[in-house]
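Chemist: Residue numbers (the working numbering): 91 to 419.
Quick reminder that beta carbons are idealized off the backbone N, C-alpha and C, glycines included.
#1: State the CB to CB distance for the pair residue 238 and residue 335, rounded to an integer number of angstroms; the pair is presumed to be in contact (CB under 8 Å).
#2: What is the C-beta distance between residue 249 and residue 353, in whole angstroms, given that I count them as a contact (C-beta under 8 Å)?
#3: Can you grab the Cα-Cα spacing for the pair residue 368 / residue 359, in whole Å?
#4: Rounded to whole angstroms, what's the CA-CA distance from residue 339 to residue 258? Just pull it up for me.
#5: Might you give, ordered along the chain, the residues of its own chain that have their beta carbon closer than 6 Å to the beta carbon of residue 93, omitting 5 neighbours on each side?
#6: Can you tell me whether residue 307 is buried or exposed, with buried defined as 16 or more other CB within 10 angstroms of its CB?
#7: For residue 118, collect the residues of the same chain with a Cβ closer than 8 Å to its Cβ; drop the 5 residues on either side in sequence, then sort them by chain order.
#8: What does the alpha-carbon distance come out to for the pair residue 391 and residue 383?
#9: Grab the span of the alpha helix (DSSP H) containing residue 227 for me, first residue to last.
#10: Could you compute how far the alpha carbon of residue 209 sits from the alpha carbon of residue 326?
#11: Within the same chain, show all residues whose beta-carbon is closer than 8 Å to that of residue 222, passing over the 5 residues directly before and after it, in chain order.
#12: Rounded to a whole number of angstroms, what is the C-alpha to C-alpha distance between residue 102 and residue 284?
#13: Ignore the nearest five residues each way along the sequence and tell me which others in residue 286's own chain have a CB closer than 6 Å to its CB.
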């Protein structure tokens, strides 16, 4: 069996000779090899937009007797994984330094557009209703998805009761925190390639306990959908050293806004209560800087910071804060 480097080289070397359909398959595998390893020949053809027979011929063109042998090699590639340098070369190897900013931003914009065009609105509404009707809401996300899970948990806590941000430092901690999950609860699992086995096991456990399972992932063919009937699909780009999760974050934002619209009165009451608590315990007192006209003021009605007099040399312009301390950006 070819090693991951040999398989990768085989695809690269054969690319100029491939048919149009085979090139589509090669492009898909180079960018989404994590996902490809989970797909049957028929599902891969459906994902790429070619026939099942084209997928089989592609596997044979790479030197395999059929699709099963090729899929086994893909599975081995996922297990050994491309290292960060290889992943970066796949996506950015042909981009000049001056094009990086525009290329990355345009790629993120494209992922949001594709997500907006493909996301199922009925599924989105189902996710909103499921969260609203749940007694407790568990949120789990591992590694690069952890910031998304943390962000979602923070805002869900302002809208709903019983929000549990599952701590994922170890597999045992996950199940200890989910010990009492049942049919009255819901869990939101967030995972993108490379898919997290810990997240998948958490969803399996929740499903076995009859909890409602919501996933935020990149495809209906993602393994995360095995235990969920409510799948929020957002496009991501994982073929570089940095995991691009801009589109998933936009879906999270939309989810929070939709929940707020459904519970406007409760959210307003919560925010008013928080403002009172912040004022009473001086949470933000002497801690926030606000622009008022052309002046910088500390929150809570503190002494205003006035523009500093320019030095004789004409340099060192800025704002002088309270007690003469200079405020720098």
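Modeler: Looking at the coordinates:
#1: Against the chain shown, residue 238 aligns to sequence position 148. Against the chain shown, residue 335 aligns to sequence position 245. Contact between residue 238 and residue 335 is confirmed by a C-beta separation of about 6 Å, below the 8 Å threshold.
#2: Here residue 249 refers to the residue found at position 159 of the chain shown. Here residue 353 refers to the residue found at position 263 of the chain shown. The Cβ separation is near 6 Å, so the contact holds.
#3: Counting from one through the chain shown, the residue named residue 368 turns up at place 278. Counting from one through the chain shown, the residue named residue 359 turns up at place 269. For residue 368 and residue 359, the distance between alpha carbons rounds to 14 Å.
#4: Sequence index remark: in the chain shown, residue 339 carries index 249 (1-based). Sequence index remark: in the chain shown, residue 258 carries index 168 (1-based). The straight-line gap separating the alpha-carbon atoms of residue 339 and residue 258 is approximately 20 Å.
#5: In the chain shown, counting from the first residue as 1, residue 93 sits at position 3. Because residue 93 carries a pLDDT of 44, less than 50, the predicted location of this residue cannot be relied on, and no value is offered for it.
#6: Within the chain shown, residue 307 is the residue found at index 217, counting from 1. Under this definition residue 307 is a buried residue.
#7: Locating residue 118 in the chain shown gives position 28, counting from the first residue. Taken in chain order, the residues that qualify are 126, 134, 137 and 138.
#8: Along the chain shown, read from residue 1 onward, the residue named residue 391 stands at position 301. Along the chain shown, read from residue 1 onward, the residue named residue 383 stands at position 293. Its pLDDT being 49, under 50, residue 391 is placed unreliably in this model, and the coordinates cannot settle the point.
#9: Taking the first residue of the chain shown as position 1, residue 227 is located at position 137. Unbroken run through residue 227 is the beta strand (DSSP E), 227–231; no alpha helix (DSSP H).
#10: Stepping through the chain shown from its first residue, residue 209 is reached at position 119. Stepping through the chain shown from its first residue, residue 326 is reached at position 236. The C-alpha of residue 326 is placed about 13 Å away from the C-alpha of residue 209.
#11: In the chain shown, residue 222 corresponds to position 132, counting from 1. Around residue 222, the same chain offers 250, 349, 352 and 353 as residues with beta carbons nearer than 8 Å, after the five sequence neighbours per side are excluded.
#12: In the chain shown, residue 102 corresponds to position 12, counting from 1. In the chain shown, residue 284 corresponds to position 194, counting from 1. If you draw a straight line from the Cα of residue 102 to the Cα of residue 284, it is about 22 Å long.
#13: Position 196 of the chain shown, counted from the start, is the residue given in the question as residue 286. Excluding five sequence positions before and after residue 286, the CB atoms of its chain that fall closer than 6 Å to its own CB belong to 232, given in chain order.
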